[in-house]
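Peer 1:
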Amino acid sequence: MKKRDDIKTHTHIDENGHEYTHTHEDHDHVHAHDNNTHEDHDHAHTHHSHSHTHDPKEMKKIINRISKSIGHMESIKRMLENGEDCADVLVQIAAVKSEINNAGKALLKEHLDHCIVEAVAQNDTESVDKMNKAIDYFMK
0 MKKRDDIKTH
10 THIDENGHEY
20 THTHEDHDHV
30 HAHDNNTHED
40 HDHAHTHHSH
50 SHTHDPKEMK
60 KIINRISKSI
70 GHMESIKRML
80 ENGEDCADVL
90 VQIAAVKSEI
100 NNAGKALLKE
110 HLDHCIVEAV
120 AQNDTESVDK
130 MNKAIDYFMK
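Heads up: the sequence shown at position 106 corresponds to 105 in numbering that gives the first Met the number 0, and the numbers run straight through without jumps.
1. So residue 68 and residue 102 are supposed to be a Cβ contact under 8 angstroms. How far apart are they, rounded?
2. Leaving aside the five residues before and after residue 74 along the sequence, list all residues of the same chain whose C-beta is less than 8 angstroms from its C-beta, in chain order.
3. Give the straight-line distance between the Cα atoms of residue 190 and residue 138, rounded to the nearest whole angstrom.
4. Going straight from the alpha carbon of residue 125 to that of residue 86, what length do you get?
5. CB-CB under 8 angstroms to residue 115, same chain, minus the five flanking residues each way: which ones, in chain order?
6. Between residue 99 and the rest of its own chain, which residues show a CB-CB distance below 7 angstroms, the 5 nearest in sequence each way excluded?
7. Should residue 118 go down as buried or exposed, given a rule of 16 or more other Cβ atoms within 10 Å for buried?
8. Our contact map puts residue 72 next to residue 109 with C-beta atoms below 8 angstroms; I'd like the distance itself, whole angstroms only.
Here is the structure:
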């Protein structure tokens, strides 16, 4: 019987604003090898399980920013389809780049304020490493 402490549930919001929840559990299991030269042995696996919670109001603001940028991109597409001046289109593209960058900064701040603080407190170096890689991609 699994103890309640062994099962962890958390929620994510994807790039389309859809929320989904899944669980991780700490467990031990046995691997059997087909070849007789190895004995059966145990591998303990621990899945990090910080709660990955965010402030719903802040996440809604970020989702709204992204939605606004999507609408802005659609209007840029129409500008191009209608043959509008390329200089005007480029100005609008620059504005969308800024909007997206600001949404990314807001998400980074939200993630640091909640998830990474919790991950550090729980010594979840995997989540911290993953965030460092994401920051590297974001900053390029």
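Glycine residues also receive a C-beta, built at the ideal position from the N, C-alpha and C atoms. The structure presented is a predicted model; accordingly, all values stated were derived computationally and were not measured.
Peer 2: In short, the structure shows the following:
1. So it is a contact: roughly 7 angstroms between Cβ atoms.
2. Take residue 74, set aside five residues on each side of it, and the residues of its chain with a beta-carbon closer than 8 angstroms to its own are 91, in chain order.
3. Since the first residue of the chain shown is 0 and the last is 139, residue 190 is not available in this structure.
4. For the pair residue 125 and residue 86, the Cα-to-Cα distance works out to about 45 angstroms.
5. Within its own chain, the residues whose Cβ lies closer than 8 angstroms to the Cβ of residue 115, once the five positions on either side in sequence are excluded, are 126, 127, 130, listed in chain order.
6. Within the same chain, 68 come within 7 angstroms of residue 99 by CB-CB distance, once the 5 residues on both sides are set aside.
7. Here residue 118 is buried, its C-beta having at least 16 other C-beta atoms within 10 Å.
8. Beta-carbon to beta-carbon, residue 72 and residue 109 are separated by about 23 angstroms, too far to satisfy the 8 angstroms threshold.
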